[in-house]
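Shown next, in structure tokens, is the structure this report addresses.
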Amino acid sequence: MKQQMPKILKYFLLIGAALAVLLFTALIATFCGLRQFTRGNVARAHTLFRLATPISWTASRLSFRSVETLEVWYALNLLFTQGGKYLVLLQNSDEIRATGGFIGSYAVLDLDSAEPLRLEIRDMYDPSGISQTLPSPPGQAEYLSEGRGMKLIDANWNPDFPTSAKQILQYFAVIPDDPQTFTGVIALPLTTIESLINSLGGVYLVDQQQMINGDDLATVIRQDREQFFAGSKEKAQSLQALYTALKLSLNQLSLIESWQLWQSMQQAKFWQEIQVFAQTAKLQNALDSAQLTGALMNYQPQDVFVFPVESNVGINKANRKVSRHLTARLKDQQLILTTKFQNDFTKTERPVLSADSDYAVAPHLAYVNYYRLLTRPDMKVEQIKINGEPVATWDDTEITSAAGLVYRQIGFLVVVLEQKQTEVQIEFSVPVISKPRLIIPRQVGLRYTSITDSIE
């Protein structure tokens, strides 16, 4: 006599089979939607996104939100389905700032347009020059604005991306004679664009008649950098040519090549450094579940939380050749955080600037870093040393994220000269915590050679 399968097992098998079907359907619909969208078939793309949105949502709930890619697919499909007009920030991580890089350029993505990918790359200096000026936060006032206040060009100073995004939208909303409103903000760091170019095997720049890969990108688009200045067209034209080449490369991919690109992007978690802020609560919640908002990480009672944030205030692109090793050691109620910065630029690589150039750039490649450490409020700095020498004073403030969480923010200046190494050591006192966890988030746009942590 055959034994009957237990009902609970049948139930789980049915759930598993249903989840597998939904996963496959959501994957194919999302992939096909994106392919149609990049090829300019917007109506077909929207049909596929509308199909994929409820499917990916259902699959996400059946898996108890345990599949990261499902959360990303759902948020992505919802974004395209809801439409709207998004401000796209191009963040240059060679000049690192709190949310990923200096926002020297931007574009407007209108998802309700018949040709949403017909983007025009614009210079951020233009709206920055005519928009409002706000009071400078600590660090920005002393080392970047020279006390003149914070302009739009530097408005991504807050490491909580939703907070910075809201502030940037406020700048655009009050531009004299041309107020602009947006559904949300999308931030793309240079590192993400480099990864895409490498995944494509390089792109061909028609104007310069050369094939480039991601590693060449920063050098090629800035080869005439001494001619870039507020109001000039060269920078925007250079980036526009790159965007056109990228779009052409994507359009020329076969179905199999598109699938291979999609798979490589999935494996590399291509989306991890893309940050999106939406004004609508439903989409923002979906983006938050997918960890696409760039919001400051929440800390739990047992977490010893410290988030290192770097901001290049030297007005140069030194970060291209700056590496860093970070070591954190927690023992009893003491945390010692040590960061070793190495600047591999040489003096011979300094930019050559014409005497009459208006382009704001330093004549050196030293890394001038306003270094911040965000911690839970009950952690206290006992001492800071730079190359073994005690630092006498530092900024000590509190900031509140868009989610309402409070962080202590420590800030001070660190300079790493060309071909030099600088060691920074910070000693924190930590409250008594049972079974502590050491949490060290990584800033978008930064690359660590190594992060070593230990709890003794």
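If you're matching positions, the sequence shown starts at 0 in numbering that gives the first Met the number 0 and goes up one per residue.
Just so you know, even glycine gets a beta-carbon here, dropped at the ideal spot from N, CA and C.
Computed from a predicted structure; not experimentally measured.
Coarse secondary structure for methionine 296, derived from DSSP in three states: Here methionine 296 sits in coil by DSSP.
Endpoints, alpha helix (DSSP H) assigned at alanine 74: From DSSP, the alpha helix (DSSP H) with alanine 74 extends over 67–81.
Burial state of glutamate 70 (16 or more Cβ within 10 Å): It is buried - the Cβ of glutamate 70 has at least 16 other Cβ atoms within 10 Å.
Neighbourhood of aspartate 214 by C-beta, 8 Å cutoff - its chain only, sequence neighbours within 5 removed: So the list reads Glu193 and Asn197, once near-sequence residues are dropped.
Neighbour-count burial assignment, tyrosine 10, 16 or more Cβ in a 10 Å radius: Burial state of tyrosine 10 is exposed, judged by a 10 Å Cβ sphere holding fewer than 16 other Cβ atoms.
Reduced DSSP category for serine 310 - H, G, I as helix; E, B as strand; rest coil: Looking at serine 310 - three-state DSSP - the assignment turns out to be strand.
C-alpha gap between isoleucine 95 and isoleucine 14, whole angstroms: Going from the Cα of isoleucine 95 to the Cα of isoleucine 14 covers about 46 Å.
Neighbourhood of threonine 162 by C-beta distance below 6 Å, restricted to the same chain and skipping five residues each side: Closer than 6 Å at Cβ, skipping near neighbours: Ala401.
Contact under 8 Å by Cβ, isoleucine 120 with glutamine 239: Between isoleucine 120 and glutamine 239, the gap from beta carbon to beta carbon is short of 8 Å.
Per-residue burial, arginine 64 [other beta carbons within 10 Å of its own, 16 or more giving buried]: Classification of arginine 64: exposed, given that the 10 Å Cβ count is below 16.
Alanine 58, enclosing beta strand (DSSP E) - first and last residue: It is not in any beta strand (DSSP E) - alanine 58 instead sits in the alpha helix (DSSP H) that spans 41–61.
For phenylalanine 160, the first and last residue of its enclosing alpha helix (DSSP H): Residues 160–172.
Cα-Cα separation, leucine 249 to asparagine 76: Rounded to whole angstroms, the separation of the alpha carbons of asparagine 76 and leucine 249 is 20 Å.
Coil, strand or helix - methionine 378 by DSSP: Three-state DSSP puts methionine 378 in coil, outside helix and strand.
Leucine 325 beta carbon less than 8 Å from that of isoleucine 450: Yes, the Cβ-Cβ distance between isoleucine 450 and leucine 325 is below 8 Å.
Classification of threonine 421 by the beta-carbon crowding that lies within 10 angstroms, buried from 16 upward: Looking at its Cβ environment, which holds 16 or more other Cβ atoms inside 10 Å, threonine 421 is buried.
Inter-stretch contact at 8 Å, needing at least 3 Cβ pairs: the region 82–97 / the region 297–306: No, the region 82–97 does not touch the region 297–306.
CB of alanine 42 within 8 Å of CB of glycine 32, strictly: In this structure, glycine 32 does not lie closer than 8 Å to alanine 42 by Cβ.
Option in Thr57, Asn40 and Gly313 with minimal Cα separation from alanine 17: Cα-wise, what sits closest to alanine 17 is Thr57.
Touch test, the region 108–119 against the region 172–180, Cβ-Cβ under 8 Å, three pairs minimum: No, they do not touch.
Isoleucine 185 and tyrosine 85 closer than 8 Å at C-beta: Closer than 8 Å, so yes.
Three-way DSSP call (helix, strand, coil) for aspartate 122 in this model: Annotated three-state conformation of aspartate 122 is strand, per DSSP.
Asparagine 297, buried or exposed, once every other Cβ within 10 Å from all chains shown has been counted against 16: Using a 10 angstroms sphere on the CB of asparagine 297, the tally of other CB atoms stays under 16, which defines it as exposed.
Alanine 267, enclosing alpha helix (DSSP H) - first and last residue: Following the DSSP letters along the chain, one finds alanine 267 in no alpha helix (DSSP H), marked with neither H nor E.
Cβ-based burial, phenylalanine 171 [other Cβ within 10 Å; buried from 16]: Counting of Cβ neighbours within 10 angstroms places phenylalanine 171 among the buried residues, the total reaching 16 or more.
Lysine 419 and asparagine 342 closer than 8 Å at C-beta: Between lysine 419 and asparagine 342, the CB-CB gap stays under 8 Å.
Cβ pair isoleucine 425, valine 380 closer than 8 Å: It is a contact, given that the beta carbons lie within the stated cut-off.
Helix, strand or coil at threonine 451 [DSSP, three-state]: It is a strand residue.
Which residues DSSP lists as bridging proline 389, in chain order: According to DSSP, residue pairing for proline 389 in a beta bridge involves Lys384.
Length of the line joining the Cα atoms of arginine 407 and proline 376: Taking the straight line joining both Cα atoms gives about 5 Å.
Alpha carbon of glutamine 226 to alpha carbon of proline 175, nearest angstrom: Because the pLDDT of glutamine 226 is 47, which lies under 50, any placement of that residue in the model is unreliable, and the number read from its coordinates should be weighed accordingly. Rounded to the nearest angstrom, the two C-alpha atoms are 28 Å apart.
Per-residue DSSP class, three states only, for valine 305: Valine 305 sits in a strand when the DSSP states are folded into three classes.
Cβ shell of arginine 224 (< 6 Å), same chain only, five flanking positions each side left out: A caution first: arginine 224 carries a pLDDT of 44, below 50, which makes its placement in the model unreliable, though a value can still be read off. For arginine 224, where only same-chain residues beyond five positions count, there are no Cβ hits under 6 Å.
Residues bridged to glutamine 209 [DSSP beta-bridge criterion]: Answer by DSSP bridge pairing, in chain order: Leu204.
Leucine 22 to asparagine 368 span [Cα, whole Å]: Between leucine 22 and asparagine 368, the C-alpha separation is close to 44 Å.
Chain-order list of residues whose beta-carbon lies under 8 Å from that of leucine 490 (same chain, five-residue window excluded): Outside the displayed range of the chain (0 to 455) lies residue 490, so it cannot be described from this structure.
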